[in-house]
Structures are given as C-alpha cells and as structure tokens.
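The numbering of the sequence shown is this note's numbering, which starts it at 1 and goes up by one. Even glycine gets a Cβ: it sits at the ideal position worked out from N, Cα and C. Written out below as structure tokens is the structure these notes cover.
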Amino acid sequence: MADLIVKAAVKEALDDKNVASDFYEALDEEVDELLEDAARRAEANDRKTVQPRDL
1 MADLIVKAAV
11 KEALDDKNVA
21 SDFYEALDEE
31 VDELLEDAAR
41 RAEANDRKTV
51 QPRDL
C-alpha cells in the first residue's frame, strides 16, 4: 500500500503534540478504508467519479 498521508502535514496539524511512530500507519489504513468505501459508493451509484457525498 502506498503512503496516503504526509507525515509532516500530520505533525503540523497536531501542533505541539507528540506523535507515536505507529500512528501514521494506523492513520494511513483508516484513510485507505475511507477511500475504498467512497469508491464503492460511487460505483454503486453508477459513477466513476468519487464525490464528497461518497464519504
């Protein structure tokens, strides 16, 4: 699986919080699942374009 998140952006978004090294992998997996679900919804509605409403 390709990395879907940018670690530096995540770290910046969490300001002064420490981020465990395994957090990034878990977040990447969550994003992957979210994208797969959105793609399934688009396909179920006979669309090739994934739209915000598919989230």
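Review point. Is Ile5 near Asp28, with beta carbons less than 9 Å apart?
Key: Closer than 9 Å, so yes.
Check your understanding: Out of curiosity, what's the CA-to-CA distance linking Gln51 and Ala8?
Key -> Spanning the two alpha carbons is a distance of roughly 26 Å.
Review point. Between the C-alpha atoms of Asp15 and Ala42, what's the straight-line distance to the nearest angstrom?
Key: Annotation: Asp15 to Ala42 spans about 34 Å, alpha carbon to alpha carbon.
**Study point:** Whole-angstrom C-beta distance between Ala44 and Leu55, which should lie under 8 Å
**Key:** A Cβ-Cβ distance of about 14 Å is found for the pair Leu55 and Ala44, leaving them out of contact under the 8 Å criterion.
Practice item. Return the residue from the list Arg53, Glu36, Glu25 and Val19 that minimises the CA-CA distance to Asp3. Key: Residue Glu25 is the option with its Cα nearest to Asp3.
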